[in-house]
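What follows is a short report on a single structure.
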Amino acid sequence: MRVHQTSGTTGTPLRWLDTQEAWDWWLRCWGFVLRGAGLGPGDRIFFPFSFGLFVGFWAGFEGARALGAMAIPGGGQDSAQRLAALETLGATAVCCTPSYALHLAQVARERGVDLRRLGVRTMVQAGEPGAGIPSVRARLEEEWGARAYDHAGMTEMGAYGFECQAQAGLHVNESEFIAEIIDPATGVPAREGELVLSNLGRPGSPVLRYRTGDRVRAAADPCECGRTFLRLEGGILGRVDDMLIVRGVNVFPSALEGIIRRFPAVDEFLIEVFRRDEMDEVRLLLEMRDGQARQVAAAVQEAVRVELGIRVEAVPVPPQSLPRYELKARRLVRRASA
1 MRVHQTSGTT
11 GTPLRWLDTQ
21 EAWDWWLRCW
31 GFVLRGAGLG
41 PGDRIFFPFS
51 FGLFVGFWAG
61 FEGARALGAM
71 AIPGGGQDSA
81 QRLAALETLG
91 ATAVCCTPSY
101 ALHLAQVARE
111 RGVDLRRLGV
121 RTMVQAGEPG
131 AGIPSVRARL
141 EEEWGARAYD
151 HAGMTEMGAY
161 GFECQAQAGL
171 HVNESEFIAE
181 IIDPATGVPA
191 REGELVLSNL
201 GRPGSPVLRY
211 RTGDRVRAAA
221 DPCECGRTFL
231 RLEGGILGRV
241 DDMLIVRGVN
251 VFPSALEGII
261 RRFPAVDEFL
271 IEVFRRDEMD
281 EVRLLLEMRD
291 GQARQVAAAV
301 QEAVRVELGI
311 RVEAVPVPPQ
321 SLPRYELKAR
331 RLVRRASA
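In our numbering, the protein residues as written are 1 to 338.
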């Protein structure tokens, strides 16, 4: 038996047990993820994360080995040591969260390391939305000189989503999962709504018609890769319960991130939601590295107004003042008042 738990980003962590049969199924699911990104025997895949109870990267690591690739552990190292390992061990691929990949890029810049010359050609981005957001994907690929592929999974469900080399959204692995999309309020089937999943390979802890809380949209046209699996446009669009209502306008944090990441001067950010005069207001804390902080903040503020139709307050904050995360980033904070 194996025990793992969720990251606890949205509440108390859930613990989960897997039999050997179920663990073998996990590795089979990760085979879809890695092969979808074009990886296979001969690749050297680096996993820069601490080997705790979080299941995702354990399964990815063992899945890489089962695929015939070299799996390189990055636990017990700081970011500088991981950069050195990437170079000396000749990694061809990296599997981590989008947030941590961007953090490694920042550390590389500070140390004068050109990531584009390290030989990494593929990035599998897991743990949070990111590679499915066009501006985040573009930033990742520019910083690393590699192609970034999205992936989605859940401790209680399994590694269900992978992106193919067409990079046109997440395929749901319907060989191993049954997927539905419903209106979260009525439960009626819908093209855009909440993703509901059932897994088929965990006899010791099966999950049927599990409401994931993730908002998705089904693609209407077939994928050029030829797969007929359900394809989710833009991957995970956000959490159903993360939607903000700002002066009557529905806004998801992923939409704000999509705008912020278009500004290369912004290294990290935090979304603060607070009450003012009985209404929700949004403040964006933007950590920047150059001398144009106020101008960039003003440009972000204007872009949000034009594209999303809401007014936010964009505030520059000092370098290294916002937290960094190896696993899921927590960039949305709700406060009682300003």
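Think of the CB as a built atom: it goes at the ideal place given N, C-alpha and C, for glycine as much as any other residue.
Using only CA atoms, which one of the options lies nearest to residue i?
i: G213; options: R231, I182, L308 and F162; result: I182
i: L275; options: I245, A166 and H171; result: In the sequence on display, residue 275 carries Arg and not Leu. If we check each option's Cα against that of R275, I245 comes out closest.
i: R82; options: E62, A69 and R111; result: R111
i: H171; options: Y149, M243, P184 and P189; result: Y149
i: T201; options: L230, L27 and G119; result: Sequence check: residue 201 is Gly here, not Thr. The shortest C-alpha separation from G201 is found at L27.
i: A159; options: V333, R227 and S175; result: S175
i: R147; options: E128, A168 and M154; result: A168
i: A219; options: E233, E313, V249 and Q125; result: E233
i: S321; options: L285, G258 and D221; result: L285
i: T186; options: G74, Q165 and R211; result: R211
i: A329; options: H103, F47 and A59; result: H103
i: A152; options: A80, A166, R231 and G74; result: R231
i: H332; options: A80, L256 and G31; result: For the record, residue 332 in the displayed sequence is Leu; it is not His. Checking every option, the nearest Cα to that of L332 belongs to L256.
i: G258; options: V3, E141 and P129; result: P129
i: W16; options: S254, Y100 and T155; result: T155
i: A126; options: G235, V300 and P323; result: G235
i: L308; options: G291, T228, F252 and W144; result: F252
i: E87; options: S99, S198, C96 and I72; result: I72
i: D280; options: R305, R294, Q292 and I310; result: I310
i: G60; options: A80, Q165 and R35; result: R35
i: I178; options: W25, W144, R109 and N199; result: N199
i: T97; options: V300, R109, E287 and F54; result: F54
i: A69; options: A91, D78 and S79; result: A91
i: M288; options: Q106, F49 and S99; result: Q106
i: C164; options: L118, M157, P222 and R109; result: P222
i: M157; options: D78, P203 and R117; result: P203
i: N173; options: W25, D78, Y100 and E326; result: W25
Got a sec, what are the start and stop residues for the beta strand (DSSP E) residue i sits in?
i: Y149; result: R147 to M154
i: L86; result: Careful: L86 lies outside any beta strand (DSSP E), inside the alpha helix (DSSP H) at S79 to T88.
i: C96; result: A93 to C96
i: D18; result: R15 to D18
i: V312; result: Run containing V312: none; DSSP gives neither H nor E here.
i: E142; result: Unbroken run through E142 is the alpha helix (DSSP H), P134 to W144; no beta strand (DSSP E).
i: F51; result: F51 -> no beta strand (DSSP E), and no H or E assigned at all.
i: S198; result: E192 to N199
i: I245; result: L244 to V246
i: I181; result: F177 to I182
i: R275; result: V266 to R276
i: V172; result: L170 to V172
i: E163; result: G158 to E163
i: P73; result: M70 to P73
i: Q343; result: The shown model of the chain, from 1 to 338, leaves out residue 343, and the question about it has no answer.
i: L332; result: L332 to R334
i: V188; result: No beta strand (DSSP E) contains V188, which DSSP labels as neither H nor E.
i: Q125; result: T122 to Q125
For the alpha helix (DSSP H) containing residue i, name the first residue and the last one.
i: Y325; result: No alpha helix (DSSP H) contains Y325, which DSSP labels as neither H nor E.
i: G213; result: Segment Y210 to R217 is the beta strand (DSSP E) holding G213; no alpha helix (DSSP H) there.
i: A59; result: V55 to L67
i: G258; result: P253 to I260
Here's the rule I'm using: 16 or more other beta-carbon atoms within 10 Å means buried, otherwise exposed. How should residue i be labelled?
i: K298; result: The displayed chain sequence assigns Ala, not Lys, to residue 298. When all chains shown are included, A298 counts as exposed.
i: M1; result: exposed
i: E21; result: exposed
i: F51; result: exposed
i: M243; result: exposed
i: P264; result: exposed
i: V249; result: exposed
i: P206; result: exposed
i: R139; result: buried
i: R399; result: The requested residue 399 is not part of the displayed model; the chain covers only 1 to 338.
i: V3; result: exposed
i: D18; result: buried
i: A84; result: exposed
i: T228; result: exposed
i: L89; result: exposed
i: G74; result: buried
i: T6; result: buried
i: V188; result: exposed
i: V300; result: buried
Whole-angstrom Cβ separation of residue i and residue j, contact assumed at under 8 angstroms?
i: A93; j: V120; result: 6 angstroms
i: R215; j: V240; result: 5 angstroms
i: R339; j: E313; result: In the structure displayed, the chain extends from 1 to 338; residue 339 sits before or after that span and is not available.
i: F32; j: F162; result: 5 angstroms
i: R335; j: V273; result: 7 angstroms
i: A293; j: E224; result: Not really, about 42 angstroms apart at Cβ, beyond 8 angstroms.
i: C95; j: F57; result: 7 angstroms
i: R115; j: E143; result: The sequence as given places Leu at residue 115; Arg does not occur at that position. Right, the Cβ-Cβ distance comes to about 6 angstroms (below 8 angstroms), so this counts as a contact.
Does chain B have any CB closer than 9 angstroms to the CB of residue i?
i: L327; result: Of the protein chains in this structure there is only one, and it is not chain B.
### Message
Would you call the stretch 34-51 in contact with the stretch 60-71, where contact means no fewer than 3 C-beta pairs closer than 8 angstroms?
### Response
yes
### Message
Any contact between the stretch 188-196 and the stretch 126-134? By contact I mean 3 or more CB pairs, one from each, below 8 angstroms.
### Response
no
### Query
Do three or more CB pairs link the stretch 264-275 to the stretch 310-322 at distances below 8 angstroms?
yes
### Given 8 angstroms, three or more beta-carbon pairs between the stretch 32-40 and the stretch 121-131
yes
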